[in-house]
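Notes for the one structure printed next.
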Amino acid sequence: MKIAIAGFGALGARVGVMLQQAGHEVTGIDGWAAHIAAKSTDGLTVHQDDGATKKYYIPVMTAKEIDGKFDLIILLTKTPQLDMMLTDIKHIITKNTKLLVLSNGLGNIEVMEKHVNRNQILAGVTLWTSELINPGEIRVTGTGSIKLQAIGEANAKPIVSALNKAGLNVTLSQNVIEAIWHKAGINSVLNPLTVLLDANIAEFGMAGNGMDLSLNILDEIKKIGELEGINVDVNAIMKDLALLIRPENAGNHYPSMYQDIKAGKHTEIDFLNGYFAKLGSEHDVAMPFNALVTRLIHAKEDIERTKLAKKQETFEI
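According to the numbering used here, the residues represented by the sequence shown are 169 to 485, in order.
Right, dumping it as structure tokens:
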């Protein structure tokens, strides 16, 4: 297949390498000039679990530069930038193009429906992880999986087959919305709490009250899910968390929010804990843990960006 990956950061690069190695024609779309330049000049450097380091060469360009027709566009851009990305790449989206969104957070499907026919949309969740070390350089840890579903009437089986050819461990879901909420629950625990505790996933798992904090957040999500008609299985999420904290899975990984904070970027907190807190306000249901975590992450964003601004006179706040 001819595949474009919009949002060619740490995870996009890992997925891109796997797809290219399986024989697919892959092009990355990104807006970070240093990242694009590094990959174009020196290739993509990938540090693997076994200690090996390999180079891969995948064309990466901006949304304005990319051209042509694609069978599949995988959307891994940050949720706050999804609407802009779809606007910028509209010239490569045909009526036959399928779009698979794997971005974290909630509200992605509604954004996509403003740009393409519902029958072109595939929505999914992924447990694959990757860490950006430097522009053009990533570290991959553990294994992962993807669950996806056609939102309209598109035939998702060819997409599943193509992705599984690359070893991405894809399964079709009958209710991807619940799967998305499930993943959002995981992210609403691991992303903000690793930031606030300055820890990777395994280190978070060592915290004596880490799982208690997780339950506080998840119990609120379950409560608001019931009001939205979504079944949130807290026990299942806790089981996944117990697996993810193992070093052989994702334990050595720093979640994307942690990486964004350290890079001085705004995070997706408003599409995770903040999204749930907002739903709580709409239903007049108190969500104290999710609301507090959201405010603390926004405070952390301000602190880290101010620190970087002091180090880099050209850093934009």
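Don't be surprised by glycine CBs; every beta carbon is placed ideally from N, CA and C.
Values in this document were obtained by computation on a predicted structure and should not be read as measured data.
Check	Outcome
Extent of the continuous alpha helix (DSSP H) run through glutamine 427	424–430
The alpha helix (DSSP H) enclosing glutamate 305, as first and last residue numbers	Taken as a continuous stretch (DSSP letters only), glutamate 305 belongs to no alpha helix (DSSP H), being part of the beta strand (DSSP E) at 305–307.
Lysine 207 to alanine 231 span [Cα, whole Å]	16 Å
Beta-carbon separation (whole angstroms), glycine 275 vs histidine 203, contact threshold 8 Å	Their Cβ separation, rounded to whole angstroms, is 26 Å, which puts glycine 275 and histidine 203 out of contact at 8 Å.
Distance, glutamate 281 Cα to alanine 318 Cα	13 Å
Through-space distance from proline 326 to asparagine 332, alpha-carbon basis	10 Å
Buried versus exposed, by CB contacts within 10 Å (16 or more), phenylalanine 483	Because phenylalanine 483 carries a pLDDT of 46, less than 50, the predicted location of this residue cannot be relied on, and the following value inherits that uncertainty. Exposed: under 16 other Cβ atoms inside 10 Å.
Cβ neighbours of lysine 468 in the same chain (closer than 8 Å, five flanking residues each side left out)	Val363, Leu364 and Ile429
Helix, strand or coil at alanine 322 [DSSP, three-state]	coil
Candidates Asp438, Phe372 and Tyr443, of which the one nearest leucine 411 by Cα	Phe372
Within 8 Å, strictly: CB atoms of glycine 292 and leucine 268	yes
The ligand GDP heavy atom lying under 7 Å from the CB of isoleucine 301	As for the ligand GDP, it is missing from this structure, which has no ligand bound.
Nearest to alanine 404 (by Cα), restricted to the options Glu346, His434, Asp366 and Met455	Glu346
Status (buried if at least 16 other CB within 10 Å, exposed otherwise) for isoleucine 437	buried
Under 8 Å between C-beta atoms of glycine 310 and alanine 181	no
Cβ pair count under 8 Å reaching 3, the segment 380–390 against the segment 441–458	yes
Nearest neighbour of glycine 432, chosen from Thr297, Glu450 and Glu472 [CA to CA]	Glu472
Length at least 3, wholly inside the segment 361–419: the beta strand (DSSP E) runs in chain order	none
Length at least 4, wholly inside the segment 216–273: the alpha helix (DSSP H) runs in chain order	250–256
Limits of the beta strand (DSSP E) - the one that lysine 170 falls within	170–174
Beta-bridge pairing of glycine 196 - partner residues as DSSP gives them	Ile173 and Val228
Straight-line gap, leucine 336 to valine 194 (C-alpha atoms, nearest Å)	15 Å
Nearest neighbour of lysine 237, chosen from Gly199, Ile173 and Glu278 [CA to CA]	Ile173
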